[in-house]
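Novice: 375 is the number that our numbering gives to position 116 of the sequence shown; each next residue is one higher, with no gaps. Note that CB positions come from ideal geometry on N, CA and C, so glycine has one too. If you scroll down you'll find the structure; I have some questions about it.
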Amino acid sequence: MSSSLTAEQLRSIAVEYGTPVYIYHANKITEQYEKLKKAFAPSSSRVFYACKALTNINILRHVRSIGCDVDCSSVNEVHMTLKAGFEPQRVLYTSNGIAFSEIEEAVALGVNVNIDSLSNLEKFGAKYGHSYPVGIRLRPNIMAGGHLKISTGHAQSKFGIPIEQIDEILALVSRYNIFINGLHVHTGSEIKDVEVFMKVADIFFELAAHFPELQFLDMGGGFKVPYKENEEGTDIGLLGEKVTAFIGRMRSAYNRDFQAWFEPGKFLVSECGYLVTQVNVLKQSAGTLFAGVNSGFNHLIRPMFYEAYHRIENISNPAGEKKHYTVTGNICETDTFAWDRELSEVREGDLLAFYNAGAYGYEMASNYNARYRPAQVLVKDGRTYLAGRRDTMEDLLRNQVEVL
Ligand SMILES: *Cc1c(COP(=O)(O)O)cnc(C)c1O
Numbered sequence: 260m261s262s263s264l265t266a267e268q269l270r271s272i273a274v275e276y277g278t279p280v281y282i283y284h285a286n287k288i289t290e291q292y293e294k295l296k297k298a299f300a301p302s303s304s305r306v307f308y309a310c311k312a313l314t315n316i317n318i319l320r321h322v323r324s325i326g327c328d329v330d331c332s333s334v335n336e337v338h339m340t341l342k343a344g345f346e347p348q349r350v351l352y353t354s355n356g357i358a359f360s361e362i363e364e365a366v367a368l369g370v371n372v373n374i375d376s377l378s379n380l381e382k383f384g385a386k387y388g389h390s391y392p393v394g395i396r397l398r399p400n401i402m403a404g405g406h407l408k409i410s411t412g413h414a415q416s417k418f419g420i421p422i423e424q425i426d427e428i429l430a431l432v433s434r435y436n437i438f439i440n441g442l443h444v445h446t447g448s449e450i451k452d453v454e455v456f457m458k459v460a461d462i463f464f465e466l467a468a469h470f471p472e473l474q475f476l477d478m479g480g481g482f483k484v485p486y487k488e489n490e491e492g493t494d495i496g497l498l499g500e501k502v503t504a505f506i507g508r509m510r511s512a513y514n515r516d517f518q519a520w521f522e523p524g525k526f527l528v529s530e531c532g533y534l535v536t537q538v539n540v541l542k543q544s545a546g547t548l549f550a551g552v553n554s555g556f557n558h559l560i561r562p563m564f565y566e567a568y569h570r571i572e573n574i575s576n577p578a579g580e581k582k583h584y585t586v587t588g589n590i591c592e593t594d595t596f597a598w599d600r601e602l603s604e605v606r607e608g609d610l611l612a613f614y615n616a617g618a619y620g621y622e623m624a625s626n627y628n629a630r631y632r633p634a635q636v637l638v639k640d641g642r643t644y645l646a647g648r649r650d651t652m653e654d655l656l657r658n659q660v661e662v663l
């Protein structure tokens, strides 16, 4: 059974809650998590949802309830996940470029931590010595991922400690007797090629010799999901087989057990989400027919930020004659969602649904042009809930201080 919401379901939710509206289907998240559970042996793997993709507290609670752990990108996300009910040992904080005070805060909360700079590793050693286990985030100098802006492991990337500085890492570990329990690499997002993960595995295999207290090998996230029709995602079954074999090789070589850790964001929540908008205006100009919707990159920035492709469907007229439209928003910037896209005939007032809007959709939304961020609706087991209300003028003014 597929966990996709039908055009008819999306339409009726949009009519009930108004537009623009983000709609999330919890059962789809469960379905994606089950695929990972099936592919990776539970005794030798752990999955942490990279929650920066979507932090609505109901999504966090759902993820927790299905047994998935959580990865955070800021100490505020750590606080949110704890508030959502995650036990500290189920939370991982993979930092980058942060002040040491955030690491101290994470340690005080008792969560798992990955450190990504020599300077923070040194401060960590000086303060905690061997008393608190910590992982090291490495930069493997591997180019991978769907777009340069979402590639994080290459030789010009700011993320992780460059692997060529391993001697400096080892010197710090030895000087302060730091308890290194993990190695971490996240090469980027939309990685279809399983071999990228295997290259990382080879690096871990070699480096593990230097870290006798190592327990986990964290391969990050970045599994690709289909955005276009007939597009293929990462072959999770194949990845599972290869990772299980890798952990077996580690066990034979080092005579003890290791766990493979993963941090998928998009894989878990991209396809669960939809953004439904309404067409305000049609505008014909030489060669281009614009469909202007009541949204913009203030609600879904991925097309303008990453040249991302989001499938769009006219859910008000699915059987209409096919025509080409350039779909734009209503903010005072170029906010094109799709160029020259074939859609069923669009009329003013029609509802357009954007697919794959669960990951990095609402989470990257802003109030630019003093527009309200959309409402968020959660569908779970056939029931529909308002999971986040639309902004109001009060929300826009809440932090402003009237001094004049
Ligand atoms: C963003 C991020 C992820 C998740 O990436 P996806 O492409 O959404 O799977 C995982 N790990 C780290 C450290 C990240 O920064």
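Expressed to the nearest angstrom, what Euclidean distance is found between the alpha-carbon atoms of residue 575 and residue 544?
Specialist: For the purposes of this step, residue 575 is taken as the residue at position 316 of the sequence shown. For the purposes of this step, residue 544 is taken as the residue at position 285 of the sequence shown. Each residue's Cα considered, the two are about 24 Å apart.
Novice: For residue 572, which three-state DSSP category applies?
Specialist: The count along the sequence shown starts at 1 and reaches residue 572 at position 313. Residue 572: strand per DSSP, three-state reduction.
Novice: With DSSP run on the structure shown, which of helix, strand or coil describes residue 449?
Specialist: Residue 449 sits at position 190 when you count from the first residue of the sequence shown. Here residue 449 sits in coil by DSSP.
Novice: Between residue 397 and residue 443, which are expected to be in contact by the criterion C-beta below 8 Å, what is the C-beta distance as a whole number of angstroms?
Specialist: What you label residue 397 is simply residue 138 of the sequence shown in a count that begins at 1. What you label residue 443 is simply residue 184 of the sequence shown in a count that begins at 1. With 8 Å as the limit, residue 397 and residue 443 qualify as a contact, their Cβ atoms being about 7 Å apart.
Novice: If you follow the alpha helix (DSSP H) that residue 272 is part of, which residue opens it and which one closes it?
Specialist: Position 13 of the sequence shown holds residue 272. First-last of the alpha helix (DSSP H) with residue 272: 266-276.
Novice: Between residue 532 and residue 616, which are expected to be in contact by the criterion C-beta below 8 Å, what is the C-beta distance as a whole number of angstroms?
Specialist: Here residue 532 refers to the residue found at position 273 of the sequence shown. Here residue 616 refers to the residue found at position 357 of the sequence shown. With a Cβ gap of about 4 Å, residue 532 and residue 616 count as contacting.
Novice: Counting only the same chain and skipping the five closest in sequence on each side, list residues whose C-beta sits under 7 Å from that of residue 673.
Specialist: Because the chain spans 260 through 663 in this model, residue 673 falls outside it and cannot be assessed.
Novice: Please report the Cβ distance between residue 464 and residue 515, rounded to the nearest whole angstrom; I am assuming they are in contact, meaning their Cβ atoms lie under 8 Å.
Specialist: Counting from one through the sequence shown, the residue named residue 464 turns up at place 205. Counting from one through the sequence shown, the residue named residue 515 turns up at place 256. Wrong, their Cβ atoms sit about 14 Å apart, outside the cutoff.
Novice: Using only the heavy atoms of ligand 1, determine whether one of them is closer than 8 Å to the beta carbon of residue 222.
Specialist: In the structure displayed, the chain extends from 260 to 663; residue 222 sits before or after that span and is not available.
Novice: What is the C-beta distance between residue 466 and residue 377, in whole angstroms, given that I count them as a contact (C-beta under 8 Å)?
Specialist: Working through the sequence shown from its first residue, we reach residue 466 at position 207. Working through the sequence shown from its first residue, we reach residue 377 at position 118. That belief does not hold up - the Cβ atoms of residue 466 and residue 377 are roughly 16 Å apart, past 8 Å.
Novice: Using the three-state DSSP reduction, which class does residue 477 fall into: helix, strand or coil?
Specialist: Indexing the sequence shown from 1 puts residue 477 at position 218. Strand.
Novice: Output the boundary residues of the beta strand (DSSP E) element that contains residue 487.
Specialist: Along the sequence shown, read from residue 1 onward, the residue named residue 487 stands at position 228. Unbroken run through residue 487: none, as it is neither H nor E.
Novice: From the DSSP output, read off the bridge partner residues of residue 638.
Specialist: Stepping through the sequence shown from its first residue, residue 638 is reached at position 379. According to DSSP, residue 638 bridges with 284 and 643.
Novice: Run through DSSP, which three-state label would residue 443 get?
Specialist: The count along the sequence shown starts at 1 and reaches residue 443 at position 184. Looking at residue 443 - three-state DSSP - the assignment turns out to be strand.
Novice: Give the C-beta separation of residue 306 and residue 327 to the nearest angstrom, bearing in mind that I take them to be a contact with Cβ-Cβ under 8 Å.
Specialist: Looking up residue 306 in the sequence shown gives position 47. Looking up residue 327 in the sequence shown gives position 68. With 8 Å as the limit, residue 306 and residue 327 qualify as a contact, their Cβ atoms being about 5 Å apart.
Novice: Let me check you understand the geometry: is the CB of residue 314 closer than 8 Å to at least one non-hydrogen atom of ligand 1?
Specialist: Start at 1 with the first residue of the sequence shown, and residue 314 comes out as number 55. Every heavy atom of ligand 1 is 8 Å or more from the Cβ of residue 314, so no.
Novice: With 16 other CB atoms within 10 Å as the buried threshold, where does residue 260 fall?
Specialist: For the purposes of this step, residue 260 is taken as residue 1 along the sequence shown, with counting starting at 1. No answer about residue 260 holds up, because its pLDDT of 46 lies below 50 and its placement is not dependable.
Novice: Could you check how far apart the C-beta atoms of residue 420 and residue 461 are, in whole angstroms? I think they sit under 8 Å.
Specialist: Working through the sequence shown from its first residue, we reach residue 420 at position 161. Working through the sequence shown from its first residue, we reach residue 461 at position 202. So it is not a contact: roughly 18 Å between Cβ atoms.
Novice: Any idea which residues DSSP pairs residue 438 with across the strands?
Specialist: The sequence position of residue 438 within the sequence shown is 179, counting from 1. Partner(s): none; residue 438 has no beta bridge.
Novice: Alpha carbon to alpha carbon, how far is residue 284 from residue 276? Give it in angstroms, no decimals.
Specialist: If you number the sequence shown from 1, residue 276 lands on position 17. If you number the sequence shown from 1, residue 284 lands on position 25. Using only the alpha carbons, I get a separation of about 15 Å.
Novice: Is the distance from the Cβ of residue 609 to the Cβ of residue 553 below 9 Å?
Specialist: Indexing the sequence shown from 1 puts residue 609 at position 350. Indexing the sequence shown from 1 puts residue 553 at position 294. No, they are not a contact pair.
Novice: For the segment 618-628 against the segment 558-574, are there 3 or more C-beta pairs whose distance is under 8 Å?
Specialist: Output reads yes: the segment 558-574 touches the segment 618-628.
Novice: What residues are listed by DSSP as bridge partners for residue 373?
Specialist: Position 114 of the sequence shown, counting from 1, holds the residue named residue 373. Bridge partners of residue 373: 353 and 394.
Novice: Give the single residue among 439, 395 and 338 whose Cα lies nearest to the Cα of residue 368.
Specialist: Here the question's residue 368 lines up with position 109 in the sequence shown. The candidate whose alpha carbon is nearest that of residue 368 is 338.
Novice: Have a look at residue 371 and residue 604 and give me their C-alpha separation to the nearest angstrom.
Specialist: The residue labelled residue 371 in the question sits at position 112 within the sequence shown. The residue labelled residue 604 in the question sits at position 345 within the sequence shown. The alpha-carbon atoms of residue 371 and residue 604 are separated by roughly 51 Å.
Novice: Does residue 424 come out as helix, strand or coil in the three-state DSSP assignment?
Specialist: Position 165 of the sequence shown, counted from the first residue, corresponds to residue 424. Three-state DSSP puts residue 424 in a helix.
Novice: For the segment 411-427 against the segment 358-367, are there 3 or more C-beta pairs whose distance is under 8 Å?
Specialist: Contact fails: fewer than three Cβ-Cβ distances are below 8 Å.
Novice: So, does the segment 588-602 touch the segment 298-317, judging by three or more C-beta pairs under 8 Å?
Specialist: At 8 Å Cβ cutoff, the stretches do not touch.
Novice: Between the Cα of residue 454 and the Cα atoms of 579, 355 and 500, which residue gives the shortest distance?
Specialist: Your numbering for residue 454 matches position 195 in the sequence shown. Among 579, 355 and 500, the Cα nearest to that of residue 454 is on 500.
Novice: According to DSSP, is residue 413 part of a helix, a strand, or is it coil?
Specialist: In the sequence shown, counting from the first residue as 1, residue 413 sits at position 154. Correct three-state label for residue 413: coil.
Novice: Return yes when at least one heavy atom of ligand 1 lies under 8 Å from the C-beta of residue 525, else no.
Specialist: Taking the first residue of the sequence shown as position 1, residue 525 is located at position 266. Yes, ligand 1 has a heavy atom inside 8 Å of this Cβ.
Novice: At a cut-off of 8 Å, would you count residue 336 as near ligand 1, judging by its Cβ distance to the nearest heavy atom?
Specialist: Here residue 336 corresponds to residue number 77 of the sequence shown, with the count starting at 1. For ligand 1, not one heavy atom lies less than 8 Å from the Cβ of residue 336.
Novice: So the alpha helix (DSSP H) residue 496 belongs to, where does it begin and stop?
Specialist: Numbered from 1 along the sequence shown, position 237 holds the residue referred to as residue 496. Residues 495-513.
Novice: Taking the beta strand (DSSP E) that residue 342 belongs to, which residues open and close that run?
Specialist: For the purposes of this step, residue 342 is taken as the residue at position 83 of the sequence shown. Counting along the chain, residue 342 falls outside any beta strand (DSSP E), though it belongs to the alpha helix (DSSP H) covering 334-342.
Novice: On the CB-based measure, 16 or more other CB atoms within 10 Å of its CB, does residue 292 come out buried or exposed?
Specialist: Residue numbering aside, residue 292 sits at position 33 when the sequence shown is read from its first letter. Label assigned to residue 292: buried.
Novice: Out of 414, 645 and 475, which one is the CA nearest neighbour of residue 395?
Specialist: Position 136 of the sequence shown, counted from the start, is the residue given in the question as residue 395. Of 414, 645 and 475, the residue nearest in Cα terms is 475.
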